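Q: Mind looking over this structure? Questions follow.
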Amino acid sequence: MSQDAAAHDGERATYDIAATETKWQRVWEELDQFRADDASPREKRYALTMFPYPSGDLHMGHAEVFALHDVVARYWWQRGYEVLNPMGFDSFGLPAENAAIRNDEHPDTYTRANIAKSIESCRKYAASFDWSRTFNTSDPEYYRWTQWLFLEFFKRGLAYRKNSPVNWCPQDQTVLANEQVVNGACERCGAEVTKKNLTQWYFKITDYAQELLDDLDELEKTWPDRVVTAQRNWIGRSEGAHVDFVIEGRDEPITVYTTRPDTLFGATFMVVAADAALAADLVTDEQREAFEGYREEVRRSSEIERQATDRPKTGVFLGVHATNPLTGTQIPVYAADYVLADYGTGAIMAVPGQDQRDWDFAQVFDLPVIRTVQPPEDFDGDAFTGDGPAINSANDEIDLSGMGVAEAKSTTIAFLEGQGVGRGTVNFRLRDWLLSRQRYWGAPIPIIHCPVDGEVPVPEDQLPVTLPMLKGSDLKPKGTSPLGGATDWVNVECPTCGGPATRDTDTMDTFVDSSWYMFRYCSPHEAERPFDSDLVNAWMPSQLYVGGVEHAVLHLLYGRFFTKVLNDMGLVDFREPWSAQLNQGFVINQGKKMSKSLGNGVNLGEQLSAFGVDAVRLTLVFAGPPEDDIDWANMSPEGSLRFLQRAWRLSGDVTSAPGVDVTTGDEALRRTTARTVHDAAELVEVYRFNVMVARVMELVNATRKAIDSGVGPADPAVREAAEAVTILLSLVAPYTAEEMWERLGHEPTVSRIGWPEVDEALLVEETVTAVVQVKGKVRARLEVSPDVSDADLEAAALADEGVQRAIDGAQVRKVIVRAPKLVNIVV
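See below:
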């Protein structure tokens with residue numbers, strides 16, 4: 001066979017995808033190369049991905065996040081770190097329970113079958129997880145400690161019960177935390193959320209509101225901007241004042257919170273949340289019937305709807321008046337839907353001149369408007385919310401006239417405090433975390449209710465409080481927990497007095513389970529405590545946390561709260577659990593979210609069968625920056641597979657022996673290899689995995705070109721390049737990389753061989769291309785020395801003929817030089 005024919009035949013050669021995957025799965029299982037060693041002297045790194053709900057087989061979203069996460073975990077192994085990269089399953093929750101009801105089975109049956117399938121798929125997908133640390137949140141060995149932590153919070157006053165209006169999902173028949181209501185609907189099932197008065201358990205996250213906010217200043221250096229912004233907005237710190245209003249016929253004044261005490265002179269009425277207990281307490285007998293009818297209407301509306309700025313304003317007069325503490329004026333008190341019961345005290349002073357919602361309400365009910373801030377002359381709107389001099393804001397004892405907003409606020413607060421009718425205060429939008437759920441498949445709340453001793457913790461030696469065996473129709477939601485029907489389980493003796501008592505029948509929100517799982521991974525088989533503190537402190541905080549931005553407020557905020565409490569308990573040495581975070585985008589199809597009803601779903605299993613794991617992984621990583629959405633309709637796994645086969649063929653072309661002295665190889669190719677390896681490390685560190693892949697592709701092409709142009713397959717530089725390609729590809733395409741490594745004459749596994757060494761001398765560039773811009777457009781490219789001075793580079797740029805033509809005699813106003821890469825000329 002001629003040399004040309006052999007080369008052509010080599011280009012057509014491919015490897016058997018299915019056989020290759022089966023082969024290396026067996027080898028990897030035997031080697032167990034990603035098991036983390038707690039005792040290793042190497043520097044530790046903790047790569048954590050948000051653990052999934054076991055809904056069955058993996059889908060495209062899992063494929064994306066695992067591929068992106070795996071790049072970093074494998075990179076850290078190659079750089080010589082000891083890496084903790086665990087995986088478990090967030091296995092409590094409504095999907096399993098609803099499936100069990102449909103199938104007349106126990107949720108655990110459904111859950112464990114799905115977990116087994118998920119693990120099998122994860123292994124095939126070649127995710128570098130340490131499977132020795134796997135656990136499920138529905139394991140009694142795990143939720144024993146979830147219950148133990150609840151009781152520790154209870155002892156510290158951070159877990160408590162109260163009766164209040166709560167978000168109620170009529171379909172799932174359970175309460176929801178504020179964070180679980182999205183656009184007025186249940187984030188799980190999409191049903192419209194209503195309000196219901198219930199006695200529920202809460203975690204006092206508000207005790208940590210200020211610290212949760214302050215610590216974002218440090219996290220913003222390594223967390224995505226949109227996550228930090230979302231948390232800041234959700235915590236919602238505002239500075240203002242509590243102001244006391246005397247109500248006719250009532251001994252105790254009503255206290256309202258306002259961020260604008262400077263506008264108190266313009267308060268012409270008061271509004272109380274229609275669903276607040278205060279409204280029912282204030283209403284007169286004459287107005288009660290109208291109020292009760294209105295309140296029922298309000299309860300059918302979601303908070304999102306009530307807060308909409310374009311919603312028509314409605315309300316009802318409660319029949320009483322309050323006294324404005326600065327003007328002495330009697331102002332009417334209304335119940336309305338645009339004030340929320342859990343904001344401040346559930347009542348506001350209404351200043352229609354400075355608040356648009358108050359303005360709109362005043363127009364509907366023909367109430368007076370008094371401006372207290374002077375709008376600019378060209379202002380033609382309704383309420384004016386900007387800064388400006390105070391007007392109409394004086395009495396015999398205080399005069400705010402002409403003051404700006406900031407000065408008027410501080411002056412008003414000082415006056416109110418001096419008069420004993422108000423005080424400066426800080427308020428937060430954040431509310432305490434409602435954690436009770438009226439469903440079966442969750443960790444039971446370990447409290448016993450005794451008519452004599454009240455709320456009694458279950459003794460520690462009786463933990464875990466395991467779930468009674470219910471299935472099928474017994475699990476159907478009834479508006480109260482299905483656990484209430486398990487009378488043998490519910491009725492117990494009080495641990496304190498020995499009298500008859502009952503267990504709490506609610507279970508915990510699954511976000512409680514996921515608020516501490518990252519600690520458990522450090523010692524997953526610990527039997528005497530929730531985790532080994534020494535090991536947690538050795539591994540954590542995790543250096544990277546990968547997951548969806550949809551958890552920006554919910555899970556991430558709760559996990560941060562738990563960490564601070566655990567630190568206060570002396571269990572961990574740090575107060576933030578995740579040093580850095582990476583969000584992945586969504587995998588969509590044809591411009592839309594994948595949906596069965598739209599017929600645009602993409603079956604991951606079919607993609608893996610058609611193109612192989614490596615091609616799918618490579619496609620997802622190469623698609624763009626991790627945070628961008630990926631439209632699968634625009635992706636080409638076929639193209640990824642062609643590239644992988646090309647790289648594989650390259651490994652078969654190398655004819656030099658392993659261990660050959662690469663310093664004798666072709667210098668140009670060696671420089672390309674060194675630069676690729678150097679840049680790849682920098683790109684992975686800043687999560688630009690797609691660009692890293694592009695650089696590997698360029699190296700494959702450069703190596704092929706070197707072979708075909710006369711350098712030849714025996715040149716040591718070709719081996720050096722092929723081995724570098726193999727190690728870099730091991731981050732993204734582990735099956736292909738392992739095959740290549742074997743063909744290059746090495747023993748497995750390439751995933752732990754170490755990062756390629758780079759000769760720094762090969763990175764020194766003899767010349768650098770400097771770009772010259774005139775009026776923002778590139779007019780010249782100059783080859784200059786890497787150490788060229790600013791003055792010399794400026795002179796060379798101004799002397800260039802193309803630059804002179806672009807300037808065309810105009811006056812040069814400024815020359816910005818960033819040697820050796822850029823000159824920007826402003827004319």
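For what it's worth, full-length UniProt numbering labels the leading residue of the sequence shown as 1, then goes sequentially. Where is the CB? At the ideal position from N, CA and C, for every residue including glycine. Computed from a prediction, not measured in an experiment: that's the story for all the values here.
(1) Between the C-alpha atoms of proline 451 and valine 492, what's the straight-line distance to the nearest angstrom?
(2) Looking at the strands, I want to know which residues DSSP matches up with asparagine 163.
(3) With a CB to CB cut of under 6 angstroms and the five nearest residues on each side skipped, what residues in its chain are close to valine 677?
(4) For glutamate 739, is the classification buried or exposed, using 16 other Cβ atoms within 10 angstroms of its Cβ as the cut-off for buried?
(5) Taking aspartate 513 and phenylalanine 203 to be in contact with their CB atoms under 8 angstroms, please state how far apart those CB atoms are, rounded to whole angstroms.
(6) Return the CA-CA distance between histidine 59 and leucine 604, expressed in angstroms with no decimal places.
(7) Should the segment 134-150 be regarded as contacting the segment 507-521, the criterion being three or more beta carbon pairs within less than 8 angstroms?
(8) Between aspartate 506 and arginine 437, which are expected to be in contact by the criterion C-beta below 8 angstroms, what is the C-beta distance as a whole number of angstroms?
(9) Give the secondary structure of methionine 1 by DSSP, where H, G and I count as helix, E and B as strand, and everything else as coil.
(10) If alanine 322 sits next to aspartate 355, beta carbons under 8 angstroms apart, how far is it from one beta carbon to the other, in whole angstroms?
(11) So, do the segment 216-227 and the segment 247-255 have three or more beta carbon pairs nearer to each other than 8 angstroms?
(12) Buried or exposed: cysteine 497, going by 16 or more other Cβ atoms within 10 Å of its Cβ?
(13) Can you tell me the Cα-Cα spacing of asparagine 85 and leucine 650, whole angstroms?
(14) Using only the alpha-carbon positions, how far apart do serine 542 and glycine 442 sit?
(15) Exposed or buried, proline 820, counting other C-beta atoms within 10 Å across all chains shown (16 or more means buried)?
(16) In chain order, which beta strand (DSSP E) runs of at least 3 residues are fully inside the segment 40-112?
(17) In the structure shown, what three-state DSSP assignment does histidine 242 receive?
(18) Thinking C-beta only, is valine 316 closer than 8 angstroms to methionine 270?
(19) In the DSSP assignment, what are the bridge partners of asparagine 589?
(20) Hey, is the segment 391-401 in contact with the segment 175-187, meaning 3+ C-beta pairs nearer than 8 angstroms?
(21) Under the rule that 16 or more other beta-carbon atoms within 10 Å means buried, what is aspartate 808, buried or exposed?
(22) Tell me, please, whether the segment 62-72 touches the segment 684-694 by the rule of three or more beta-carbon pairs shorter than 8 angstroms.
(23) Taking valine 426 and glutamate 239 to be in contact with their CB atoms under 8 angstroms, please state how far apart those CB atoms are, rounded to whole angstroms.
(24) What does the Cβ neighbour count give for proline 477, buried or exposed, with the cut at 16 atoms within 10 Å?
(25) Going by the CB atoms, is the gap between threonine 345 and valine 256 shorter than 8 angstroms?
(26) By Cβ distance below 7 angstroms, which residues in the same chain neighbour tryptophan 648 in space, the five residues on each side in sequence not counted?
(27) Here's the rule: buried if 16 or more other CB atoms are within 10 angstroms of the residue's CB, otherwise exposed. What is glycine 591?
(28) Classify isoleucine 707 as buried or exposed, calling it buried when 16 or more other Cβ atoms lie within 10 Å of its own Cβ.
(29) With 16 other CB atoms within 10 Å as the buried threshold, where does arginine 156 fall?
(30) With a threshold of 7 angstroms on Cβ separation, who are the neighbours of tyrosine 208 within its own chain once the five nearest residues in sequence on each side are excluded?
(31) Taking the Cβ atom as the reference point for each residue, do aspartate 695 and leucine 762 lie within a distance shorter than 8 angstroms?
(32) Please classify valine 812: is it buried, with 16 or more other beta-carbons within 10 angstroms of its beta-carbon, or exposed?
(33) So valine 512 is in the alpha helix (DSSP H); what residue range does that whole segment cover?
(34) Could you tell me the alpha carbon to alpha carbon distance between glutamate 760 and arginine 675, rounded to whole angstroms?
(35) Whose C-alpha, out of Trp201, Val788, Asn163, is nearest the C-alpha of alanine 770?
(36) At 4 residues or longer, what runs of the alpha helix (DSSP H) sit wholly inside the segment 493-558?
A: Based on what the coordinates show:
(1) 12 angstroms
(2) Thr199
(3) Ala724, Pro756, Val758
(4) buried
(5) With 8 angstroms as the limit, aspartate 513 and phenylalanine 203 do not qualify as a contact, their Cβ atoms being about 13 angstroms apart.
(6) 6 angstroms
(7) yes
(8) 6 angstroms
(9) Summary for methionine 1: the model assigns pLDDT 32, below 50, so the residue's position carries little reliability, and this model does not support an answer.
(10) That belief does not hold up - the Cβ atoms of alanine 322 and aspartate 355 are roughly 17 angstroms apart, past 8 angstroms.
(11) no
(12) exposed
(13) 31 angstroms
(14) 27 angstroms
(15) buried
(16) 44-49, 82-84
(17) strand
(18) no
(19) Lys592
(20) no
(21) exposed
(22) yes
(23) 6 angstroms
(24) buried
(25) yes
(26) Tyr15, Thr736, Glu739, Met740
(27) exposed
(28) buried
(29) exposed
(30) Phe561, Lys564
(31) Sequence inspection shows arginine at residue 695; the aspartate mentioned does not correspond to that position. Result no, Cβ atoms of arginine 695 and leucine 762 do not sit closer than 8 angstroms.
(32) exposed
(33) 510-513
(34) 9 angstroms
(35) Val788
(36) 510-513, 517-520, 533-539
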